[in-house]
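Protein chains in written order, with the numbering used here: chain Z, 11 to 240; chain P, 27 to 698.
Idealized CB from N, CA, C, for every residue including glycine.
Here is the structure we will look at, set down as structure tokens.
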Amino acid sequence: MSIAVKILVVDDEAQIRKFLKSSFAGTEYKVIEAEDGQTALRLAGTEMPDVILLDLGLPDIDGVEVAKQIREWSQVPIIVLTARGHEDDKVEALDAGADDYLTKPFSVKELMARVKVMLRRTLGSAAAEPVVEFGDCKLDLAARLVYKKDEVLKLTPIEYKLLAFMAKYADKVVTHKMLLSDVWGPGYDFEVQYLRVHMKNLRHKIEDEPANPQFILTEAGVGYRLVTKG
Amino acid sequence: MVILAPATLSMSNSNQTSPYLDRPLDKSAAARVSAPGIAVIITRESNIESLVREALNVAEIRGRLLYAILVEDDLGPLVDQEARWKNEVYRIAHKVKSDHIKLNRANLVENIYDYCVQFDIRLLVLERPNKRTFSLPWETNFVQKIINSEVLPPSVVIPFEERQVKPGQKHVASDWLLLIGVILAISIFGAITRDQIPKAFHLLTFILALTIVSSRISLITSVAGSFIAPIAFKLAHVAPYGTFLFEDPRQWLNLIGLLTVSLIINTLTWQVKTGLKETQIQERRKSALFNLTRDLLQKNSLEEIASLAEAHIRDVIDSDIALFVQYEGQEVTTIRHGNVDMDSSPEDRKARDICLSQGIEAGIGTQVYPLAYGLYLSLQSKNNFKGCLAVYPGSHRGTFPPDQLRILDTFGSLIGLAFERIGFETAQREADQKIRDTNLQNTLLRSVSHDLKTPLTSITGYANQLAEDPNLPAELRVETYTTIRDQAWRLTNLVNNLLSITKLESAHLDLDTEVMFVEELIGTAVSQMRPQLEHHKLILDIAEDIPDVAVDALIFNQALVNLIGNAIKYTPAGCTITVKAQRDKQWVQISVIDDGPGLPEEGIDSIFEKFTRFQQGHKVEGTGLGLAIVKAVAELHGGNVMACNRSDGHSGAEFDIRLPAVESAPIDVETS
């Protein structure tokens, strides 16, 4: 990549910012720092970062609010950083438009993996890929067909929609709410139990061992993640 | 309408302005009477005895004059009725002067209003029409009209059910029949056998018969019997028979004796009967109070007590209630909403507040904020809170008669006591929790200070070495980095586990339970542990018909992760870990089984206690909290956890979490 990837790090802890900055050492990344929500909003506008790492516990504005405001005018990928035990904030931030989350403490490996997934979507082929492959499965979005071991899987319309939606956000977390309002419509936001039943059925068709899923992972209390890379 | 006025009963020369009227009184009219009064409204259907007595009680308690208003109806001329009514009223409340005012019923409310203004009537006492027997529709309407009227003074409505049936009015005809029949039978028997049997025997027969009969009939009938009996005796037994003449004047003595004995027996019987009745009423009240007391003792929340109190009060008095509690330095908490909105009735709010702050009764029927819809009774409590029981007299405006007030007062005391008990219990629980928290904190502190110090010491040491010694050989450098990283992870785990156990053991944890598939729960934990499972074999064995479980997915996930993590940690690489889920009656059992060295038998009992750790040859660094978390999680979900060594001949440990199975109907979805 010729142009350096700009990463906006928003965290009030100088140590964390320093750690994140050092994680992105090298010429392909350029890290910009913000220590509060106001600065973050300003820098998000002026610097046009490619990825934002956003801590939810900010001194001035609530991190969820920051994500919401940025989403009003920008599709820049946002990864929220949360402390353990604040799952509600996490889900709220994801529903407000954040793209993924990392629970502190996390390893550099995890961080880089998440950022790469974000960049693949924005910097890589901007158009949605017509075919998504994971393991021995293949989802052909143009033909609306799903193959497993080269055989066409019989999915119900809802199962197909669920899978297609997760494929659109491949390797990113999708919340219950996102899935419900996309597949069933806005009125069904709270019917998580229906979602679970369909997910179970879908998993039984896709996975070799549904109790040890390789592709459709449950993120407890948050939603699901379709893993396409091993 | 006939008005009897004023009955001078009990005087109170209070000069306060009329509490229900915003407009000034007609001074000249008001000047005619000396004190504010209470009017009892009587109709053809009224039970005058109980109604007037009740009104009299109300008037006496409040120190007011009593006026009687008789309402005319369409069923015929009043002339004959009027005399009866007046007599009845006079009999109960003496010295009632009467007025007679003819009323057009269309203007009934207005007429009563004029009368109330004229005599400064502050309260009306009336009787709820009897719905169970025939009652004139206009009468129901008329009572409703008075009750609902905005201009009239508040009303005390005496429920018809409370009415005591006047003894002697019931079965009057049958009483007389029995009496006459018995006397007639004995007289005829006496007339036939008077030559064979001595007179004394006949006399005794009469006395015996009257004694038996008087216990079964009303007082008036039996007194009448006492007089009839000597006459019958004279006619049947004293010569010359069938006349009132006496051959022997001494025979008079027999007759007088018979009369006296019979009257004494009547009086005694009457006393016994009255006493019995009184005892029965007392007994009923006592048992009602006993039941309430007993029930209250079994309730452990303010809400439950409120429901119970509501039910019992409804049983006795058909009224809506509200309950308020105010803890020291806090806002008023509403435990039960009444049908009166505090925000829209400032009078009620003021009455409630003064009842809470001063511990006095307020509201309708009292001197304090009598315009309020409800009556506010203080709950007598010496604890650190104040309580208030509000009673709203049904859908109408009205106050409560004294016997109901007494019951309400007693109920109030009982509820207050129950609240007080709950207050103490809560305080006790909080104190216990505090002690547990303190104990936990102490244990934590001891352990944490050790567990934190160890990794911190090595991290600091190695970090210093790296910073100060630039010539450290490369392989040593790598080893140092690795140690620092491992120790830092250990610290992280410790802190996370500490946070978890603190959260799980705090009394205020709210579980976000959902019905979950066991397969998905296991899948989530397993996929999360996949990196650590690299060197172990994993077998999943989930029964086909496994029921669902209701869990907080996030919290439960931690328990499973800890169990799998434990199995990884305490078994050498290459071992097999089996996660098994099966049904055991009403339980779902999830087991994590390994084929490692197993658990040391002597430690199994204490394995779920905090800071228990086993050292088994190889170096294991844990926080000693992992299994304590598992136990706390299982118990929070109404389940339990067990540890044992495998009993199937293989070596290895087995941990079983049992959760209540959820028998949910499967959600119907298309599955093609």
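Short Cβ contact (8 angstroms threshold) for residue i with residue j
i	j	result
Q608(P)	P686(P)	no
L104(Z)	I80(Z)	no
A106(Z)	G549(P)	no
L236(Z)	M176(Z)	yes
K239(Z)	D181(Z)	yes
V15(Z)	V61(Z)	yes
V667(P)	I683(P)	yes
A489(P)	I461(P)	no
V203(Z)	V541(P)	Reading the sequence as shown, one finds Gln at residue 203(Z) and not Val. In this structure, V541(P) lies closer than 8 angstroms to Q203(Z) by Cβ.
V184(Z)	Y170(Z)	no
V587(P)	M555(P)	yes
V614(P)	L566(P)	no
D22(Z)	L68(Z)	yes
F450(P)	G413(P)	no
I184(P)	E153(P)	yes
L66(Z)	H96(Z)	yes
H297(Z)	L172(Z)	The displayed coordinates of chain Z run from 11 to 240. Any statement about residue 297(Z) would go beyond what the structure contains.
I180(P)	L134(P)	As written in the sequence, residue 180(P) is Pro, which differs from the Ile given in the question. Cβ distance not < 8 angstroms, so P180(P) and L134(P) don't count as in contact.
R130(Z)	D110(Z)	no
G400(P)	G364(P)	yes
D620(P)	I603(P)	yes
Segment limits, beta strand (DSSP E) that includes residue i
i	result
D150(Z)	C147 to D150
I88(Z)	I88 to T92
T113(Z)	D110 to T113
I226(Z)	I226 to E229
T359(P)	V358 to R362
D610(P)	T602 to D610
F9(Z)	Here chain Z comprises residues numbered 11 to 240, so residue 9(Z) is not present and cannot be evaluated.
K210(Z)	First-last for K210(Z): V202 to I216, but that is the alpha helix (DSSP H), not the beta strand (DSSP E).
K182(Z)	Run containing K182(Z): none; DSSP gives neither H nor E here.
S404(P)	L401 to L405
L64(Z)	V61 to D65
L234(P)	Counting along the chain, L234(P) falls outside any beta strand (DSSP E), though it belongs to the alpha helix (DSSP H) covering K225 to S240.
K40(Z)	Y39 to A44
G233(Z)	G233 to L236
A94(P)	L91 to L96
Extent of the continuous alpha helix (DSSP H) to which residue i belongs
i	result
S526(P)	A500 to E531
Y170(Z)	P167 to K178
R52(Z)	G47 to T56
R27(Z)	A24 to S33
P686(P)	Not the alpha helix (DSSP H): P686(P) falls in the beta strand (DSSP E), residues A679 to V688.
S617(P)	Unbroken run through S617(P) is the beta strand (DSSP E), W613 to D620; no alpha helix (DSSP H).
G652(P)	G652 to L662
D98(Z)	E97 to D105
I68(P)	Note, I68(P): premise wrong, no alpha helix (DSSP H); beta strand (DSSP E) at G63 to I68.
Residues of the stretch 220-236 of chain Z with a CB closer than 7 angstroms to any CB of chain P: list them in chain order, please. P220, A221, N222, P223, L227, T228, A230 and G231
Whole beta strand (DSSP E) runs in the stretch 554-596 of chain P with 3 or more residues, listed along the chain? 563-568 and 574-577
Report the residue ranges of all beta strand (DSSP E) runs contained in full by the stretch 409-456 of chain P; include only those spanning at least 3 residues, in chain order. 411-418
For the stretch 550-569 of chain P, which residues have a CB atom closer than 8 angstroms to at least one CB atom of chain Z, in sequence order? T550, V552, S553, L564, L566 and I568
Contact residues within the stretch 192-208 of chain Z, judged by C-beta distance below 8 angstroms to chain P: V202, Q203, Y204, R206, V207 and H208
Using a Cβ distance threshold of 8 angstroms, determine whether the stretch 208-224 of chain Z contacts the stretch 162-170 of chain Z, with at least three qualifying pairs required. yes
Residues from the stretch 576-607 of chain P in contact with chain Z, defined by Cβ distance under 7 angstroms: A579, L580 and N583
Evaluate the contact criterion for the stretch 307-327 of chain P versus the stretch 371-383 of chain P: three or more CB pairs, one atom per stretch, below 8 angstroms. no
Of all the residues that make up the stretch 511-522 of chain P, which are near chain Z by a beta-carbon distance shorter than 7 angstroms? T518 and N522
Taking contact to mean 3 or more Cβ pairs, one atom from each stretch, closer than 8 angstroms, check whether the stretch 284-303 of chain P and the stretch 238-246 of chain P are in contact. yes
Flag this pair as touching only if the stretch 212-223 of chain P and the stretch 170-182 of chain P have three or more C-beta atom pairs under 8 angstroms; answer yes or no. no
Tell me the start and end of each unbroken alpha helix (DSSP H) in the stretch 278-362 of chain P that is at least 4 residues and wholly inside, in chain order. 328-342
The stretch 334-353 of chain P contacting the stretch 432-445 of chain P, beta-carbon criterion three pairs below 8 angstroms: yes
Scan the stretch 529-549 of chain P for residues whose Cβ lies nearer than 9 angstroms to a Cβ of chain Z and list them as they occur along the chain. K529, D538, E540, V541, M542, F543, V544, E545, E546, L547, I548 and G549
Can you list, in chain order, the residues of the stretch 108-128 of chain Z whose Cβ is nearer than 7 angstroms to any Cβ on chain P? P115
Take every Cβ of the stretch 243-257 of chain P, pair it with every Cβ of the stretch 280-290 of chain P, and state whether three or more of those distances are shorter than 8 angstroms. yes
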